[in-house]
Amino acid sequence: MLTDYFTGKGINFPPQPTELRTQRNTTRNVNLLSGNLVSNSKQVAAGVSARVYDHGVYGFASIADFSPESINLVLKDAADNASFLGSKAGTELGVLPPLAPGSNFPLVIEPEFSQKIMIDFLKELDAHLKATYPGLAGRSVSANCLDMEKFLYASNGGATPIITSHSMVPRAIVRVSLTVRDPAGAPINLGRVYGGFGFFPDHFADPSQLYEDINDLYERAMKKREGVHASAGTHLVIMGPDLAGILAHEAVGHTVESDVVLGGSVAAQLMNQKVASELVTLVDFAHTVNGELAPVPVYVDDDGIIAKDIVLIEQGILKAYMHDRASAKRMGYEPHGNARAFAYYDEPLVRMRNTAILSGTSKLADMIASVEDGYYLVRSSNGQADATGEFMFGIAEGYEIKGGKIARAIRDTTISGVAFEMLKSVDMVSDDMVWSCSGMCGKKQSIPVGMGGAAVRCYINIGGR
Amino acid sequence: MKYREAAEYALDAMKKKGAQLVTISASEGYTDELNAHTGEFDLYRKLYNSEISLVGIKDGKKGTATVSNLDKSTIDEAVDTCIAAANEGTADDAFAIAEFVAKKEFSGGVLVGDREELFHRIKEFMTVLAQEYPKLNLRQMIGLYTRTDSVLLNSNGVDFTNSRGYYTYSSTFSGQDEGLSTSFASYRSRFQDLNTPFIDMGMQRIMIENSLQSFAAQTVAGKYTGTVILTPSCVGGLIGSMLQRFAGESGVVEGTSIWKDKLGSQVLHPSLTLAFKPWDPQIVCGERYTSDGYESVDTTVIKNGVLEAFLLSLYGAKKSGQKRAGTLSGSMVIEAGDKPLNDIIGAIDKGLMVYRFSGGNPAGNGDFSGIAKNSFAIENGKIAGAVSETMISGNLEKLFQNVVAISLERICEGNSVLPWIAIDGVTVSGSKA
Numbered sequence: 001m002l003t004d005y006f007t008g009k010g011i012n013f014p015p016q017p018t019e020l021r022t023q024r025n026t027t028r029n030v031n032l033l034s035g036n037l038v039s040n041s042k043q044v045a046a047g048v049s050a051r052v053y054d055h056g057v058y059g060f061a062s063i064a065d066f067s068p069e070s071i072n073l074v075l076k077d078a079a080d081n082a083s084f085l086g087s088k089a090g091t092e093l094g095v096l097p098p099l100a101p102g103s104n105f106p107l108v109i110e111p112e113f114s115q116k117i118m119i120d121f122l123k124e125l126d127a128h129l130k131a132t133y134p135g136l137a138g139r140s141v142s143a144n145c146l147d148m149e150k151f152l153y154a155s156n157g158g159a160t161p162i163i164t165s166h167s168m169v170p171r172a173i174v175r176v177s178l179t180v181r182d183p184a185g186a187p188i189n190l191g192r193v194y195g196g197f198g199f200f201p202d203h204f205a206d207p208s209q210l211y212e213d214i215n216d217l218y219e220r221a222m223k224k225r226e227g228v229h230a231s232a233g234t235h236l237v238i239m240g241p242d243l244a245g246i247l248a249h250e251a252v253g254h255t256v257e258s259d260v261v262l263g264g265s266v267a268a269q270l271m272n273q274k275v276a277s278e279l280v281t282l283v284d285f286a287h288t289v290n291g292e293l294a295p296v297p298v299y300v301d302d303d304g305i306i307a308k309d310i311v312l313i314e315q316g317i318l319k320a321y322m323h324d325r326a327s328a329k330r331m332g333y334e335p336h337g338n339a340r341a342f343a344y345y346d347e348p349l350v351r352m353r354n355t356a357i358l359s360g361t362s363k364l365a366d367m368i369a370s371v372e373d374g375y376y377l378v379r380s381s382n383g384q385a386d387a388t389g390e391f392m393f394g395i396a397e398g399y400e401i402k403g404g405k406i407a408r409a410i411r412d413t414t415i416s417g418v419a420f421e422m423l424k425s426v427d428m429v430s431d432d433m434v435w436s437c438s439g440m441c442g443k444k445q446s447i448p449v450g451m452g453g454a455a456v457r458c459y460i461n462i463g464g465r
Numbered sequence: 001m002k003y004r005e006a007a008e009y010a011l012d013a014m015k016k017k018g019a020q021l022v023t024i025s026a027s028e029g030y031t032d033e034l035n036a037h038t039g040e041f042d043l044y045r046k047l048y049n050s051e052i053s054l055v056g057i058k059d060g061k062k063g064t065a066t067v068s069n070l071d072k073s074t075i076d077e078a079v080d081t082c083i084a085a086a087n088e089g090t091a092d093d094a095f096a097i098a099e100f101v102a103k104k105e106f107s108g109g110v111l112v113g114d115r116e117e118l119f120h121r122i123k124e125f126m127t128v129l130a131q132e133y134p135k136l137n138l139r140q141m142i143g144l145y146t147r148t149d150s151v152l153l154n155s156n157g158v159d160f161t162n163s164r165g166y167y168t169y170s171s172t173f174s175g176q177d178e179g180l181s182t183s184f185a186s187y188r189s190r191f192q193d194l195n196t197p198f199i200d201m202g203m204q205r206i207m208i209e210n211s212l213q214s215f216a217a218q219t220v221a222g223k224y225t226g227t228v229i230l231t232p233s234c235v236g237g238l239i240g241s242m243l244q245r246f247a248g249e250s251g252v253v254e255g256t257s258i259w260k261d262k263l264g265s266q267v268l269h270p271s272l273t274l275a276f277k278p279w280d281p282q283i284v285c286g287e288r289y290t291s292d293g294y295e296s297v298d299t300t301v302i303k304n305g306v307l308e309a310f311l312l313s314l315y316g317a318k319k320s321g322q323k324r325a326g327t328l329s330g331s332m333v334i335e336a337g338d339k340p341l342n343d344i345i346g347a348i349d350k351g352l353m354v355y356r357f358s359g360g361n362p363a364g365n366g367d368f369s370g371i372a373k374n375s376f377a378i379e380n381g382k383i384a385g386a387v388s389e390t391m392i393s394g395n396l397e398k399l400f401q402n403v404v405a406i407s408l409e410r411i412c413e414g415n416s417v418l419p420w421i422a423i424d425g426v427t428v429s430g431s432k433a
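Protein chains in written order, with the numbering used here: chain A, 1 to 465; chain B, 1 to 433.
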């Protein structure tokens, strides 16, 4: 455990507000590609970083070592770096919002497990795929585990800790990807992801538990094999719950991150204005949703702020931005714990945690039945957003809706829109809610996020032929 | 331990633990990074970097372990992890390491960074923007110097070392005027001296001026099939996607790539010649040896439209029976064409100049669609207004078969040298189509 390395004795804390963070990210990857073990690796990125605030700027330093000498080195370098930058280009930002006293130890202890259980699980799963679906052109099964353990010591200045926090956020994912050939012989791919918060043995004791779902995946891949290109243009669509999660994150969430707001987001002009249908409420949860653990629980952020939920859009009205301490000070708001760093050598950035469009009252089946001619979009492959609110998602799985019924599958395509215009067209929200288990957000650093949502009915632009 | 000592120790420990074939890569160095947001400096980072990666093959089974700390106890743990992973793995005849070659030492770039001058260049850049482009919001500016010393040793006696240092900067910005915002745009470059002001780097000024001409961006009317010009940064992304899909290891090894039987065949337009050239003098601190343990060799992938190489590692080559690529560095160089950019634009009646493509992952057959970002309409041979909410779609293979012109001009961004490419037959659709 990281606390074994850090006793606080012999450590020379600078007089300025300081965060000292020791962190270990352990990543395991195993990948079987059509039966060949092409990846079998374990990576440990462990070290310490210090960040010191002085003259309205930050100095930061990191090193891959936990010795007292290294800890003192990064503390001194961080202070020197703040001094270097502050002396040349200090700002008038002044005193940051003070840290509230507290200690947090929501630690999950890592169970001992061998990489062999990941390999054996995947081999059995792969053998099942090979035996059950001999017509596959290709198959990939992979397991990825990322365990992030952090120990944070944060002060308002001086050697007395205001916040001490020790956390472990583990995530275990299995991906199954099937490749079939279309009638012309071209490869068609469809995949699905399983798992989420926890360690590999928590989720993956028996491969056969996935077989029924994988059979559904195979049937959908066979439908996609016969799929058609979507018709380019604006259409009435049902975005499934999985897709609504990425909508919450990409299309809306990024536009209300304070650094993006300060950098020119369209949301800068929209506080307390109507930005969506009154059916839309969007929340960034800290660690708990309806009494259950969120996919990426954050109890104390990497600025040392005790994390709280934040309602970003309430019944269609923009209510808040997400902040770190510096942007909260700059813009005059309270920080809710959105400063997060991926690795020991990364500085905290304003990030989402678990962002979701809350469920409504409609039944998904009724929503599909309500569309005479449109699309049911089920799963996304990737997404990007812009300061203007313009966003795009890759669509890996979708279907035509004809006469209120699911019709032919569509090939891979892309949807786009302008978030705050598209959200105003939402006129139905389903009564269920789904959290994705594998979201990663790229913004200088790539970091795990939770994305959740209910299905929504709206108008959106689809790329196609 | 220092990185070489750590690598030697790990190599010896792996062999003592029973690995017959071993490759060790270790590195050490530092990064100095200056950050500014919305035109103000706010962070200076110094990172002491280190890493050691162990690859062991034991009884035909392979394991990999990577750790960031180079002390003895951490490396001992990594050795045990790597050996355990190999023991638990699956034997495969394709697992191998590079053959012996004589020891080589490489060095490149600037080996001592100048943070004072780096600070000066960033400050100068922000001053120029404030004076010349007051409606530009510089969301983020990052300038950094990276020094890395690395070694690769293997149990066949391969011994490569490399010392390199270079600068990088990236800027992200948008136009801001009376509540209106334009799309984010960004520009980055790698370079080995601080002689050139950042504002004069590559396409930096063009990208800024484009941002400020985009306040009245509009979606295109309806849907049409026309000619698009892909700018250098857009060319790199789309060709990279295509090569990964059709010439990359997984598709070739699995046999799902539509190019798997096309080596030596015409796959793209005859005007296209592209290579990965880490030794090209325009490439800053290019790769000197591959992760497999071979000295990097410039590799032509497409020559006059003919597929000359797959992008295969040693494993992929042995698995597929094809030739290993001389480099997988991504230092892409595309041969210049024979027409000035202005002549290419002048020949287009209706089309788009696409500066950035933001799209979903292309399908296995290369079908793609996405938004044309930071882009402009071309009408009657001239650049017309900026566009928004405009999608382009097509097929990656057909896209680069339908090349109508490649520009004489090319842009070097440190890790690539790329031209503008005009392409026919692309579907363009507006949000009201």
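Even glycine gets a Cβ: it sits at the ideal position worked out from N, Cα and C.
Note that the structure is predicted; figures quoted are calculated from it, not measured.
Extent of the continuous beta strand (DSSP E) run through residue i
i, result
"Gln43 (chain A)", "Asn36 to Asp54"
"Asp284 (chain A)", "Leu282 to Phe285"
"Lys405 (chain A)", "Lys405 to Ile410"
"Arg356 (chain B)", "Arg356 to Gly359"
"Ile460 (chain A)", "Val456 to Ile462"
"Asp424 (chain B)", "Ser416 to Gly430"
Interface partners of residue i on chain B, CB under 9 Å
i, result
"Leu107 (chain A)", "Near Leu107 (chain A) there are no residues of chain B at all, since even the closest Cβ is about 21 Å away, more than 9 Å."
"Asp126 (chain A)", "Those do not exist, as Asp126 (chain A) stays about 11 Å from chain B at its closest Cβ, beyond 9 Å."
"Leu262 (chain A)", "His37, Thr38, Asn137 and Arg139"
Range of the contiguous alpha helix (DSSP H) that encloses residue i
i, result
"Ser327 (chain A)", "Arg325 to Met331"
"Cys437 (chain A)", "First-last for Cys437 (chain A): undefined, no H or E at that position."
"Thr18 (chain A)", "Here Thr18 (chain A) belongs to no alpha helix (DSSP H); instead the beta strand (DSSP E) covers Thr18 to Leu33."
"Asn466 (chain A)", "Because residue 466 (chain A) is not part of the residues shown, which for chain A are 1 to 465, the question remains open."
Candidates the options: closest to residue i by CA position
i, options, result
"Glu124 (chain B)", "B:Gly337, B:Gly414, B:Ile52 and B:Glu40", "B:Glu40"
"Ala78 (chain A)", "A:Ala61, A:Gly86, A:Glu92 and A:Gly195", "A:Ala61"
"Asp202 (chain A)", "A:Val52, A:Tyr211, A:Val174 and A:Leu349", "A:Val174"
"Gln20 (chain B)", "B:Ser155, B:Pro340 and B:Ala221", "B:Ser155"
Contact belief for residue i with residue j at Cβ below 8 Å, rounded distance in angstroms
i, j, result
"Arg190 (chain B)", "Asn415 (chain B)", "6 Å"
"Ala326 (chain A)", "Leu93 (chain A)", "6 Å"
"Glu287 (chain B)", "Ser296 (chain B)", "5 Å"
"Ile119 (chain A)", "Asn40 (chain A)", "7 Å"
Under 7 Å from the C-beta of residue i: neighbouring residues of chain B
i, result
"Val256 (chain A)", "Near Val256 (chain A) there are no residues of chain B at all, since even the closest Cβ is about 14 Å away, more than 7 Å."
Outcome for residue i when other beta-carbon atoms lying within 10 angstroms are tallied against a minimum of 16
i, result
"Arg139 (chain A)", "buried"
"Glu347 (chain A)", "buried"
"Val57 (chain A)", "buried"
"Asp284 (chain A)", "buried"
"Ser27 (chain B)", "buried"
"Thr390 (chain B)", "buried"
"Glu400 (chain A)", "buried"
"Ser446 (chain A)", "exposed"
"Phe100 (chain B)", "exposed"
"Glu397 (chain B)", "buried"
"Ile109 (chain A)", "exposed"
"Gln131 (chain B)", "exposed"
"Ile57 (chain B)", "buried"
Amino acids of chain A, ordered along the chain, whose beta-carbon sits closer than 7 Å to that of residue i
i, result
"Asp76 (chain B)", "By Cβ distance, chain A contributes nothing, its closest Cβ being about 13 Å from Asp76 (chain B), past 7 Å."
"Thr290 (chain B)", "Going along chain A, no residue has its Cβ under 7 Å from Thr290 (chain B), so there is no contact; the nearest lies around 17 Å."
"Ile199 (chain B)", "None at all; the shortest Cβ gap to chain A is about 18 Å."
Chain A residues whose Cβ lies nearer than 9 Å to that of residue i
i, result
"Ala65 (chain B)", "Ser41, Lys42, Gln43 and Val44"
"Phe119 (chain B)", "Phe84, Leu85, Lys88 and Ala89"
8 Å Cβ cut-off: residues of chain B touching residue i
i, result
"Gln23 (chain A)", "Within 8 Å Cβ-Cβ: nothing; Gln23 (chain A) doesn't reach chain B, min ~10 Å."
"Tyr345 (chain A)", "Leu47 and Asn49"
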